[in-house]
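Chains as they are written, first to last, in my numbering: chain A, 103 to 604; chain B, 365 to 501. Just so you know, even glycine gets a beta-carbon here, dropped at the ideal spot from N, CA and C. For reference, the structure is listed below as structure tokens.
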Amino acid sequence: MLVHLPVLQVIVPLMAAPLCLILKRVQLVWLFTLLVSGIAFLISVLLLQQVMSSGTIIYELGGWEAPWGIEYRIDKLNAFLLLIITGISTVVLFAAQTSIEKEISQDKHTVFYVLYLLSLTGMLGIVATGDAFNVFVFLEISSLSAYALIALGKDRRALWAAYQYLIMGTIGATFILIGIGLMYQMTGTLNMEDLSQRLPEVAQTRTVFTAYAFVIVGICLKLAMFPLHLWLPNAYAYAPSIVTAFFAATATKVAIYLLIRFTFSVFGLSFSFTTLPLQIIFMALGMLGIFVASTTAIYQTNVKHLFAYSSIAQIGYMIVGFSISSVAGLTATLLHLFNHALMKSALFLALGAVMYRIGSVQLSQFQGLGRQMPLTMAAIVIGGLSLIGVPLTVGFVSKWYLLMALIENGWWPLAVLVLLGSLLAIVYVWRIVEMAYFKPSLATHANVKEAPISFLIPIWILVFANIYFGIDTRLGVQVAQAASESLFAVSVSDITIIEDSL
Amino acid sequence: MIMGLFNDWVVVVLMMIGLYIIIAHGNLIKKIVGLTIFQTSVFIFYISMAKIDGGTAPILVDGVTQYSNPLPHVLILTAIVVGIATTAVALALIVRIKEAYGTIEEEEIQEQDSQHKDSHKLNIHNSSEINRDKKEC
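Take a look at the structure:
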């Protein structure tokens with residue numbers, strides 16, 4: 103059983119999705135989905151333990167040997183990602199039933215859980231697999247279900263947002279497909295490990311450059327990197343709250359993972375950063391993303407929009423860390439990936455609770471909510487502090503590591519810019535705090551009560567995680583550091599191979 | 365040079381036609397047509413890549429030593445299925461958009477959205493009752 107954990111990670115939710123349709127009562131479907139997600143979480147914990155103690159796990163599907171068959175390759179990086187995805191998914195699901203009762207019409211509840219599980223399968227598959235074409239297939243599984251999930255939103259603009267996401271997402275996925283095709287043309291293999299060994303031989307050809315460009319642009323569309331982020335704000339704002347909480351914490355993170363995997367493992371550091379001017383491009387776009395998206399967030403009147411733009415800004419931080427291309431920089435990116443998942447799932451779940459009680463997340467409707475929904479608002483405040491990067495929250499830890507990585511390279515001006523970007527976060531978080539605590543309550547909200555317990559428990563689990571991992575940083579830092587060190591070890595050995603052949 | 369890369373030229377031209385339609389046309393159905401052409405160009409790219417000069421279909425026959433590569437064909441079967449699924453989801457979305465907005469022109473949809481931007485009332489579309497009311501009107 104333990105041997106089959108890597109494939110079970112993906113198969114369990116995949117098989118569970120159609121089973122949901124058999125169950126008659128929606129409550130049962132919800133409990134079943136929760137159970138499946140919980141099992142997936144357990145599997146990912148076991149996998150992470152195994153990987154940390156005994157190294158990379160290689161699983162050959164159907165017993166076919168690697169370059170011919172598909173293999174699942176679980177190393178520290180993807181074990182970490184699997185843990186984040188399944189963990190967030192499980193916690194978010196606690197609130198799902200209560201939340202969708204108000205946001206999705208009754209007859210679509212079962213379908214919602216089916217789509218949710220399929221989307222989860224897709225994300226886990228992308229992360230677990232060691233095969234480039236498999237990545238594309240799982241990407242489309244998760245994206246197609248994502249389009250449908252977003253379209254379930256109550257507002258009709260959700261449909262338009264889903265459509266726009268579909269167009270952008272499909273272009274992105276097709277770009278990745280072209281890139282994979284070009285790589286196959288040059289090397290005759292689709293296995294990532296095999297690709298990483300064969301690509302250096304042909305690295306100086308135009309075909310490989312083109313392949314890399316297509317793959318990276320495709321991935322950047324998926325991860326909503328500035329300026330390819332246009333699909334994200336509306337998709338997050340009009341999707342059902344649960345979907346937003348789940349996607350904001352996981353979907354873009356999976357794309358960041360792909361970016362790291364293709365850049366470091368498949369193409370190798372020497373190719374990605376030495377032969378191409380990627381460092382400057384990513385650094386500039388990441389910084390621009392932080393400032394443009396944070397500034398846009400300040401002017402939003404819909405709080406979901408506000409946090410969606412803040413997500414784009416946070417992606418900017420991850421891109422900046424990535425572009426430093428040092429162990430410290432990558433550690434900062436991975437840490438921020440973990441921490442941002444914790445913050446944004448807590449924040450969007452809290453917004454889901456507001457949506458549940460008030461039926462709107464317009465900023466003007468937040469007036470006086472600090473007194474009427476104290477626990478929910480306190481969660482938003484702590485989540486917001488974490489976004490800003492206040493000490494004792496997780497946000498501080500990753501920003502600290504990012505600053506350290508920048509200073510390590512002597513890039514003082516950039517470190518100052520990162521700090522300035524955090525100041526913008528103070529402004530948009532303050533706007534919510536001001537509304538919630540310093541304005542009188544609206545007369546129409548006289549009967550508004552605290553959110554139901556099914557919301558408060560998951561929200562506060564996530565908030566406590568935000569604080570806990572901000573104080574006891576061992577788990578996140580250790581895993582992130584180990585993962586980035588192992589990625590660099592592989593990439594550096596690539597460099598020595600090239601030098602030998604020269 | 366040009367004739368040698370004939371298949372690549374076809375792929376690139378089709379790809380650009382597809383992308384152009386997606387960007388230039390405001391009609392949602394036409395955008396999907398563009399998207400399909402764009403995806404199809406990639407399918408052709410994979411399929412033509414697998415062809416080897418003088419190679420036959422990859423079925424073991426005595427006396428034949430050169431075969432075309434079957435793997436890209438198989439890959440593209442998967443991609444075609446994905447493409448059909450995408451088109452299906454997109455068309456379903458367009459049907460719902462038509463129900464909710466009464467139009468499938470991008471400009472008109474954006475116009476309607478910008479009118480509603482200031483009001484924080486939800487444009488509820490999901491409850492079938494409201495849809496029915498609209499139809500009666």
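Among S405/B, S432/B, F407/B, I411/B, which has the Cα closest to the Cα of D417/B? Numbered from 1 along the second sequence, position 53 holds the residue referred to as residue 417/B. Of the candidates S405/B, S432/B, F407/B, I411/B, the one whose C-alpha sits nearest the C-alpha of D417/B is S432/B.
Cβ neighbours of I468/B in the same chain (closer than 7 angstroms, five flanking residues each side left out): Your numbering for residue 468/B matches position 104 in the second sequence. Here the set comprises N391, L392, I393, I458, I461, K462.
List the residues of chain B that G224/A touches, going by C-beta distances under 9 angstroms, in chain order. If you number the first sequence from 1, residue 224/A lands on position 122. Per Cβ cutoff of 9 angstroms: no residues; G224/A is ~11 angstroms from chain B at best.
On the three-state DSSP scale, how would you describe I460/A? Taking the first sequence and counting its residues from 1, the one referred to as residue 460/A is at position 358. Note: I460/A maps to helix in three-state DSSP.
Three-state secondary structure (DSSP) of T429/B: For the purposes of this step, residue 429/B is identified with residue 65 of the second sequence, where counting begins at 1. Here T429/B sits in coil by DSSP.
Are the C-beta of L392/B and some C-beta of chain A separated by less than 8 angstroms? Taking the second sequence and counting its residues from 1, the one referred to as residue 392/B is at position 28. Yes, L392/B lies at the interface with chain A (some Cβ there is under 8 angstroms from its Cβ).
Quick one: residues in its chain with C-beta nearer than 8 angstroms to the C-beta of I396/B, no 5 flanking neighbours on either side, listed in chain order? If you number the second sequence from 1, residue 396/B lands on position 32. Result list for I396/B: T451, A454, L455, I458, in chain order.
Take every Cβ of the segment 121-141 of chain A, pair it with every Cβ of the segment 152-170 of chain A, and state whether three or more of those distances are shorter than 8 angstroms. no
Going by the CB atoms, is the gap between V345/A and Y215/A shorter than 8 angstroms? As a position in the first sequence, residue 215/A is number 113, starting the count at 1. As a position in the first sequence, residue 345/A is number 243, starting the count at 1. For Y215/A and V345/A, no; Cβs fall outside 8 angstroms.
Kindly indicate which three-state DSSP category E173/A falls into: helix, strand or coil? Looking up residue 173/A in the first sequence gives position 71. E173/A falls in the strand class under three-state DSSP.
With a threshold of 8 angstroms on Cβ separation, who are the neighbours of S466/A within its own chain once the five nearest residues in sequence on each side are excluded? Position 364 of the first sequence holds residue 466/A. Within the same chain, S466/A has close Cβ partners T403, M537.
With distance defined between alpha-carbon atoms, name the residue in H211/A, Y174/A, T212/A, L148/A nearest to T188/A. Here residue 188/A refers to the residue found at position 86 when the first sequence is read from its first residue. Residue L148/A is the option with its Cα nearest to T188/A.
Among residues of its own chain, excluding the 5 on either side of I444/B, which ones have a beta-carbon nearer than 7 angstroms to its beta-carbon? Here residue 444/B is taken as the residue at index 80 of the second sequence, counted from 1. Contacts found: F407.
Pair every Cβ in the segment 455-462 of chain A with every Cβ in the segment 550-560 of chain A, then say whether three or more of these pairs are closer than 8 angstroms. yes
Is the shortest distance between the beta-carbon of I381/B and the beta-carbons of chain A less than 8 angstroms? The count along the second sequence starts at 1 and reaches residue 381/B at position 17. No, no contact with chain A.
Do N293/A and E173/A have their C-beta atoms within less than 8 angstroms of each other? The residue labelled residue 293/A in the question sits at position 191 within the first sequence. The residue labelled residue 173/A in the question sits at position 71 within the first sequence. It is a contact, given that the beta carbons lie within the stated cut-off.
Return helix, strand or coil for I282/A, following the three-state DSSP convention. What you label residue 282/A is simply residue 180 of the first sequence in a count that begins at 1. Three-state DSSP puts I282/A in a helix.
Check whether the segment 322-333 of chain A touches the segment 354-370 of chain A, taking contact to mean three or more Cβ pairs, one atom from each stretch, closer than 8 angstroms. yes
Show which residues of chain A have a CB atom less than 8 angstroms away from the CB atom of T450/B. For the purposes of this step, residue 450/B is taken as the residue at position 86 of the second sequence. Within chain A, the residues near T450/B are E242, L246, L268, T272.
Could you check how far apart the C-beta atoms of A420/A and L439/A are, in whole angstroms? I think they sit under 8 angstroms. Locating residue 420/A in the first sequence gives position 318, counting from the first residue. Locating residue 439/A in the first sequence gives position 337, counting from the first residue. Reading the sequence as shown, one finds Met at residue 420/A and not Ala. That pair is a contact at about 6 angstroms.
Beta-carbon gap between V109/A and A142/A smaller than 8 angstroms: As a first step, residue 109/A is located in the first sequence; it is residue number 7 there, counting from the start. As a first step, residue 142/A is located in the first sequence; it is residue number 40 there, counting from the start. Taking 8 angstroms as the Cβ cut-off, V109/A and A142/A do not qualify as a contacting pair.
Which chain E residues are close to L439/B, counting only those with a beta carbon under 7 angstroms from its beta carbon? Structure shown: chain E not included; protein chains present are A and B.
For the segment 388-415 of chain B, which residues have a CB atom closer than 7 angstroms to at least one CB atom of chain A, in sequence order? L392, K395, L399, F402, Q403, V406, F409, Y410, M413
Since E162/A sits in a beta bridge, which residues does DSSP pair it with? Walking along the first sequence from the start, residue 162/A turns up at place 60. Paired residue(s): E173/A.
Please name the residue, chosen from I484/A, G271/A, F316/A, N180/A, that lies closest to L284/A on a Cα-to-Cα basis. Position 182 of the first sequence holds residue 284/A. If we check each option's Cα against that of L284/A, F316/A comes out closest.
Please check the pair P335/A and Y411/A, which I expect to be a contact at CB under 8 angstroms, by giving their CB distance rounded to whole angstroms. Indexing the first sequence from 1 puts residue 335/A at position 233. Indexing the first sequence from 1 puts residue 411/A at position 309. Their Cβ separation, rounded to whole angstroms, is 6 angstroms, which keeps P335/A and Y411/A in contact under 8 angstroms.
Cα-Cα separation, I91/A to F235/A: Outside the modelled stretch of chain A, which goes from 103 to 604, sits residue 91/A, for which no answer is possible.
Can you find a C-beta in chain B that's less than 8 angstroms from the C-beta of G283/A? Translated into the one-based positions of the first sequence, residue 283/A becomes position 181. Cβ-Cβ to chain B under 8 angstroms: yes for G283/A.
Go ahead and pull the three-state DSSP assignment for T231/A. Locating residue 231/A in the first sequence gives position 129, where the first residue counts as 1. It is a strand residue.
With 8 angstroms set as the bound, which would you pick, yes or no: does the beta-carbon of L408/A sit closer than that to a beta-carbon of chain B? Stepping through the first sequence from its first residue, residue 408/A is reached at position 306. No, its Cβ sits nowhere closer than 8 angstroms to a Cβ of chain B.
Beta-carbon contacts of L494/A that lie in its chain and below 8 angstroms, excluding the five residues immediately before and after: As a first step, residue 494/A is located in the first sequence; it is residue number 392 there, counting from the start. Around L494/A: I569, G572, I573.
Of all Cβ atoms in chain A, is any one closer than 8 angstroms to the Cβ of N495/B? The residue labelled residue 495/B in the question sits at position 131 within the second sequence. Confidence is the limiting factor: at N495/B the pLDDT is only 43, short of 50, which leaves the residue's position unreliable, though a coordinate-based value still follows. It does not: the Cβ of N495/B has no partner Cβ on chain A nearer than 8 angstroms.
Find the residues of chain B that neighbour T546/A, judging by a C-beta separation of less than 9 angstroms, and give them in chain order. In the first sequence, the residue the question calls residue 546/A occupies position 444. The contacting residues do not exist; T546/A stays about 12 angstroms from chain B at best.
With distance defined between alpha-carbon atoms, name the residue in I190/A, V429/A, A198/A, L519/A nearest to A386/A. For the purposes of this step, residue 386/A is taken as the residue at position 284 of the first sequence. When only C-alpha atoms are compared, the closest one is L519/A.
Let me know the alpha helix (DSSP H) ranges lying completely inside the segment 414-470 of chain B, each 4 residues or longer, listed in chain order. 434-465
Beta-carbon proximity check, G512/A vs N441/A, cutoff 8 angstroms: Residue numbering aside, residue 512/A sits at position 410 when the first sequence is read from its first letter. Residue numbering aside, residue 441/A sits at position 339 when the first sequence is read from its first letter. It is not a contact, given that the beta carbons lie outside the stated cut-off.
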